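Note that the numbering used here gives residue 125 to position 125 of the sequence shown, counting from 1, and the numbers run on in steps of one.
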Amino acid sequence: MSRIGRLPIDIPAGATVSVDGQNVAVKGPKGELSLVIAEPIQAKVEDNQVLVSRPDDERSSRALHGLTRSLIANQIIGVTQGYSKGLEVVGTGYRVAAKGSDLEFALGYSHPITVNPPDGISFAVEGNNKVTVNGIDKQLVGEVAANIRKLRKPEPYKGKGVRYAGEIVRRKAGKSGK
């Protein structure tokens, strides 16, 4: 039995989970999310808990069991608490500014780069070198943060670029003189 999949998911106060066949809808104070779970896996709500079960021990069923439970748990956390991912802009002349709901980056290119938030995502800018990506969908928050980091990845010689908050960039020694 899956160690993660067999654990029940507690539904906190203020959140509601409804299961309709393979569709799971989660509503909370921050919004609502829905998920279509893969075919052999079943979910049901009992005693303010969500239980995820599988019908057999086939390899694909075992793989989907824990995944489905984690996805539902992440949605419940998202609609109640939300998710955020921090980014830091490091480098001389590198900065970020909020232009309405958009972000404008100066990353050493000949032009400023504008990033528009997708639906359900908001940005918070602290100073001119810290950005926080907020939202209720864990996957979407991580994807938007990764796309922003991809604009200028941290390079190993001077450490310049966009990095996650707390990310450690391994530095390399440059050319050695004679």
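Think of the CB as a built atom: it goes at the ideal place given N, C-alpha and C, for glycine as much as any other residue. Note that the structure is a prediction, hence the values are computed from the model and not measured.
Separation of residue j from residue i, as counted between CA atoms
{"i": "Ala25", "j": "Ala38", "result": "15 Å"}
{"i": "Ser84", "j": "Gly177", "result": "44 Å"}
{"i": "Asp102", "j": "Lys150", "result": "17 Å"}
{"i": "Phe105", "j": "Thr80", "result": "31 Å"}
{"i": "Phe123", "j": "Asp57", "result": "43 Å"}
Reduced DSSP category for residue i - H, G, I as helix; E, B as strand; rest coil
{"i": "Val79", "result": "helix"}
{"i": "Gly66", "result": "helix"}
{"i": "Gly31", "result": "strand"}
{"i": "Arg59", "result": "helix"}
{"i": "Glu143", "result": "helix"}
{"i": "Lys44", "result": "strand"}
{"i": "Asn74", "result": "helix"}
{"i": "Lys172", "result": "coil"}
{"i": "Ile9", "result": "strand"}
{"i": "Arg54", "result": "coil"}
{"i": "Arg3", "result": "coil"}
{"i": "Lys138", "result": "helix"}
Cβ-Cβ distance between residue i and residue j below 9 Å
{"i": "Ile77", "j": "Val17", "result": "no"}
{"i": "Ala15", "j": "Lys27", "result": "yes"}
{"i": "Glu155", "j": "Asn129", "result": "no"}
{"i": "Ser60", "j": "Pro40", "result": "yes"}
{"i": "Gly108", "j": "Arg152", "result": "yes"}
{"i": "Val131", "j": "Val96", "result": "yes"}
Residue i burial status per 10 Å Cβ neighbour count (16 or more: buried)
{"i": "Gly161", "result": "buried"}
{"i": "Ile4", "result": "exposed"}
{"i": "Ile9", "result": "buried"}
{"i": "Val36", "result": "exposed"}
{"i": "Ala43", "result": "buried"}
{"i": "Ile148", "result": "buried"}
Count the C-beta pairs between the stretch 134 to 151 and the stretch 59 to 69 that are closer than 8 Å, then say yes if the count reaches three, no if not. no
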